[in-house]
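For the record, the sequence lines run as chains A and B.
All residue numbers for the first sequence refer to my numbering, where the first residue is 809 and numbers rise by one.
All residue numbers for the second sequence refer to my numbering, where the first residue is 809 and numbers rise by one.
2 protein chains.
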Amino acid sequence: MAIKSDNLVTVKHRISAEARAGANSHRGGVLWFTGLPGSGKSTLAIETEHKLFELGRQVYVLDGDNVRQGLSSDLGFSPEDRTENIRRIGEVASLFADAGFIVITAFISPYREDRDIARKAAGDLFHEIYIDADIETCERRDPKGHWALARAGKIPEYTGVSAPYEEPEKAEYTVDTAQQSIDESVIKMIEYIDQNLVA
Amino acid sequence: MAIKSDNLVTVKHRISAEARAGANSHRGGVLWFTGLPGSGKSTLAIETEHKLFELGRQVYVLDGDNVRQGLSSDLGFSPEDRTENIRRIGEVASLFADAGFIVITAFISPYREDRDIARKAAGDLFHEIYIDADIETCERRDPKGHWALARAGKIPEYTGVSAPYEEPEKAEYTVDTAQQSIDESVIKMIEYIDQNLVA
């Protein structure tokens, strides 16, 4: 019989995804919201977070409010800086998912290539969610008045006006916020999460 | 009487720290381990994580294994890059603590100024934990053989050999891993966490 105690060196091992899922009653995952400014990403993210929290899930939202002034405070809005911003968020979201969280990211993330880098960071845990509203709808809402400023030429490189938005070609899920209310959209998101991270 | 429903715009609000603490039965916090290479930071972090997980805490370890190949993959080991690496980890740890996690970071983080930046990011949720073992002890252990390589001049800017380590002057807690076993040190850490994040 082998003497197991012969090896007294502590073996380093991390908590497995299965163990975390068992404790939380759901798996970790990245819900990567992408869409035009004004499409409802942030609102839907925060509302979905509340509903998930009520349901006892471990959930967190990464958005401009908690990333741009901290982790990405050294970055501006040039194409290179936008790419690096999205890369970092992809890595951080991947860490949260690894920790067992349902993490919702709410960033325009207009470039397919950048989103694919985020997808690669999180692997199987990545869910690209297209928050789909047409330009006319987003511009009519204009919750922050940014569309109007961009049309007036006062915000450079504004997605949808003077910078491109590349629609997802392989989103795991699409939420139509032009036709649906926020409440209806939240219900759809919860259904999607139940099916993909809880079942 | 004011008609509250007059304002139908959805008010964005995040889950409060109190609500998360209520759900998890503990508060979020950053346990920032600092110490010489070989002092036991990583081992103690992983062992403490296991014990906390068994106790039902939400806990996660950030260390070189999950940060250097991802979030900080663009950074090397120059003083500037080390500083930026620690800055990013401080920001990510702050996000985890905000999400209600007990997050343990295991990095040498040799400079006081860098650690103070991490402290600032997390505010009241920051706990600097000095993993205290003298150079002789760390060098004798040399778990990865790096001390020997550094003494032979084969690793440049190695903390403790050819780069400085600035001991904490205001650590919230010190763990003496030269005199204590890992098991004893884990017990001390759990006690500290119980007193500061659970009570």
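All C-beta atoms, glycine included, are put in the ideal place defined by N, C-alpha and C.
*What is the rounded straight-line gap between the Cα of F909 (chain A) and the Cα of V838 (chain A)?*
For this step, residue 909 (chain A) is matched to residue 101 along the first sequence. For this step, residue 838 (chain A) is matched to residue 30 along the first sequence. So the two alpha carbons sit approximately 8 Å from each other.
_Which residues does DSSP list as the beta-bridge partners of E899 (chain A)?_
Locating residue 899 (chain A) in the first sequence gives position 91, where the first residue counts as 1. DSSP lists no partner for E899 (chain A).
*Hey, does T818 (chain A) have any beta-carbon neighbour from chain B nearer than 7 Å?*
For this step, residue 818 (chain A) is matched to residue 10 along the first sequence. Note that T818 (chain A) scores 48 on pLDDT, short of 50, meaning its location in the model is unreliable; the coordinates nonetheless yield the value given after this. For T818 (chain A), the answer is yes, since a Cβ of chain B falls inside 7 Å of its Cβ.
_Does the CB of V838 (chain B) have a neighbour CB from chain C at under 7 Å?_
Looking for chain C here will not work: the only protein chains present are A and B.
*Distance, Cα to Cα, T982 (chain B) vs T891 (chain A)?*
For the purposes of this step, residue 982 (chain B) is taken as residue 174 along the second sequence, with counting starting at 1. For the purposes of this step, residue 891 (chain A) is taken as residue 83 along the first sequence, with counting starting at 1. So the alpha carbons of these two residues sit roughly 40 Å apart.
_Looking at the secondary structure, which residues open and close the alpha helix (DSSP H) in which A913 (chain B) lies?_
Working through the second sequence from its first residue, we reach residue 913 (chain B) at position 105. In the sequence under discussion, the amino acid at residue 913 (chain B) is Thr, which differs from the Ala named in the question. Per DSSP, T913 (chain B) belongs to no alpha helix (DSSP H); it is in the beta strand (DSSP E), 910–914.
*asked:* Against chain B, does G848 (chain A) count as a neighbour if the rule is that its beta carbon must be under 7 Å from one of theirs?
replied: As a first step, residue 848 (chain A) is located in the first sequence; it is residue number 40 there, counting from the start. Taking Cβ atoms only, chain B never reaches closer than 7 Å to G848 (chain A), which makes this a no.
*Which residues bound the beta strand (DSSP E) around H935 (chain B)?*
Counting from 1 along the second sequence, the entry for residue 935 (chain B) is found at position 127. That run of the beta strand (DSSP E) goes 934–940.
*Which of the three DSSP states, helix, strand or coil, is assigned to A905 (chain B)?*
Position 97 of the second sequence, counting from 1, holds the residue named residue 905 (chain B). Here A905 (chain B) sits in helix by DSSP.
*In DSSP terms, what Y868 (chain A) is bridged to*: On the first sequence, position 60 is the one that residue 868 (chain A) refers to. The bridge partners DSSP lists for Y868 (chain A) are A:V911.
*asked:* Taking only three categories from DSSP, how would you classify Q988 (chain B)?
replied: For the purposes of this step, residue 988 (chain B) is identified with residue 180 of the second sequence, where counting begins at 1. Coil, per DSSP.
*For chain A, is any of its Cβ atoms less than 7 Å away from the one on S813 (chain B)?*
The sequence position of residue 813 (chain B) within the second sequence is 5, counting from 1. Here the model assigns S813 (chain B) a pLDDT of 36, short of 50, so the residue's position is not dependable and the matter cannot be decided.
*Could you work out which residues of chain B lie near Q1003 (chain A), taking near to mean beta carbons separated by less than 8 Å?*
On the first sequence, position 195 is the one that residue 1003 (chain A) refers to. The premise fails here: Q1003 (chain A) is roughly 23 Å from chain B at the closest Cβ pair, so nothing lies under 8 Å.
*Residues of its chain near D940 (chain A), where Cβ-Cβ distance is below 6 Å and the 5 sequence neighbours each way are ignored*: Taking the first sequence and counting its residues from 1, the one referred to as residue 940 (chain A) is at position 132. If we look at D940 (chain A) and ignore the five residues flanking it on each side, its Cβ neighbours are T982, D984.
*Starting from the beta carbon of R822 (chain B), find every residue of chain A whose beta carbon is closer than 8 Å, and list them in chain order.*
Reading the second sequence from its first residue, position 14 is the one you call residue 822 (chain B). In chain order: I854, E857, V869.
*Within the stretch 819–857 of chain A, note down every full alpha helix (DSSP H) run reaching 4 residues or more, in order along the chain.*
825–832
*Using the C-alpha atoms, what's the distance from E936 (chain A) back to V994 (chain A)?*
Within the first sequence, the letter at position 186 stands for residue 994 (chain A). Within the first sequence, the letter at position 128 stands for residue 936 (chain A). One C-alpha to the other measures close to 16 Å.
*Kindly list the residues whose CB is nearer than 6 Å to the CB of H834 (chain A), restricted to its own chain and excluding five residues on each side of it in sequence; keep chain order.*
Stepping through the first sequence from its first residue, residue 834 (chain A) is reached at position 26. These residues qualify, in order along the chain: R865, L1005, V1006.
*Any 3 or more C-beta pairs closer than 8 Å across the stretch 877–894 of chain B and the stretch 890–906 of chain A*: With the cut-off at 8 Å, the stretch 877–894 of chain B and the stretch 890–906 of chain A touch.
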